[in-house]
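Visitor:
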Amino acid sequence: MSIQIIQQYYDAFNAGDIAGMVACLSDDFVHDVNEGARRDGKKAFSEFCAHMSECYKEELTDVVVFCNTDGTRGAAEFVVNGTYLKTDGNLPEARGQSYRLPGGGFVSLKDGKITRVTTYYNLNDWIAQVS
């Protein structure tokens, strides 16, 4: 079940299905992004996803999901293929630039739901690609 819920989460991401992603999360979910602030709860995560959808169009390819034997922790490694649609805060100006970079997510699980996702990508690599 653990690998399946992680795969379901990333499948929903690729479908642009924020509600589908949220359906995979526990009520006490936390989201950590490298170079960013922690988001507590489904509402904060949904708002983050809506903002990201305005600024970026992304598809994850080469997704590989891992899970420990007791189903409490997992990870996914992938390639982020994206287009920078709208300038995001103090980041470089968006002009429809394409980017491709490796990324990953570390996941904690409880009772068949995701309780934490910590997302990693190389921000400096991304900035170099869109600058």
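For reference, each letter of the sequence shown is one residue, going 1 to 131 in UniProt numbering. From the three backbone atoms N, C-alpha and C, an ideal C-beta is built for every residue, glycine too. Predicted, not measured: the structure shown is a model, and the values here were computed from it.
1. DSSP puts Ser-108 in a beta bridge; with which residues?
2. Could you pull out every residue in the same chain whose Cβ sits closer than 7 Å to the Cβ of Glu-77, ignoring the five residues on either side in sequence?
3. Can you have a look at His-31 and say buried or exposed, based on whether 16 or more other CB atoms are within 10 angstroms of its CB?
4. Does the separation of the CB atoms of Phe-48 and Val-22 fall below 8 Å?
5. Span of the alpha helix (DSSP H) holding Asp-11?
6. With the cut-off set at 8 Å, would you say Val-16 and Ser-53 are in Cβ contact?
7. At 4 residues or longer, and completely inside the segment 31 to 107: list those alpha helix (DSSP H) runs for me, N to C.
8. Just checking Ile-18 against the ligand FAD - is the residue's beta carbon closer than 7 Å to any of the ligand's heavy atoms?
9. Quick test of the definition: if touching needs 3 or more C-beta pairs under 8 Å, does the segment 107 to 120 touch the segment 82 to 97?
10. So Leu-60 and Val-80 are supposed to be a Cβ contact under 8 Å. How far apart are they, rounded?
11. On the DSSP bridge assignment, give the partners of Leu-25 in chain order.
Guide: According to the data block:
1. Residue 108 sits at position 108 when you count from the first residue of the sequence shown. Note: Ser-108 sits in a beta bridge opposite Arg-73 and Arg-116.
2. Taking the sequence shown and counting its residues from 1, the one referred to as residue 77 is at position 77. Around Glu-77: Val-64 and Gly-104.
3. Your numbering for residue 31 matches position 31 in the sequence shown. Answer is buried; the Cβ neighbour count reaches 16.
4. Translated into the one-based positions of the sequence shown, residue 48 becomes position 48. Translated into the one-based positions of the sequence shown, residue 22 becomes position 22. Result no, Cβ atoms of Phe-48 and Val-22 do not sit closer than 8 Å.
5. Here residue 11 corresponds to residue number 11 of the sequence shown, with the count starting at 1. Element bounds for Asp-11: 2 to 15.
6. In the sequence shown, the residue the question calls residue 16 occupies position 16. In the sequence shown, the residue the question calls residue 53 occupies position 53. In the sequence as displayed, the identity of residue 16 is Gly instead of Val. Contact: yes.
7. Entirely contained in the segment 31 to 107, the alpha helix (DSSP H) runs reaching 4 residues are, in chain order, 41 to 55.
8. This structure lacks the ligand FAD; in fact it carries no ligand of any kind.
9. Fewer than three pairs of CB atoms, one per stretch, sit closer than 8 Å, so the segment 107 to 120 makes no contact with the segment 82 to 97.
10. The sequence position of residue 60 within the sequence shown is 60, counting from 1. The sequence position of residue 80 within the sequence shown is 80, counting from 1. The C-beta distance from Leu-60 to Val-80 rounds to 6 Å, short enough to fall under 8 Å.
11. Working through the sequence shown from its first residue, we reach residue 25 at position 25. Among the bridge pairs identified by DSSP, Leu-25 is matched with Ile-114.
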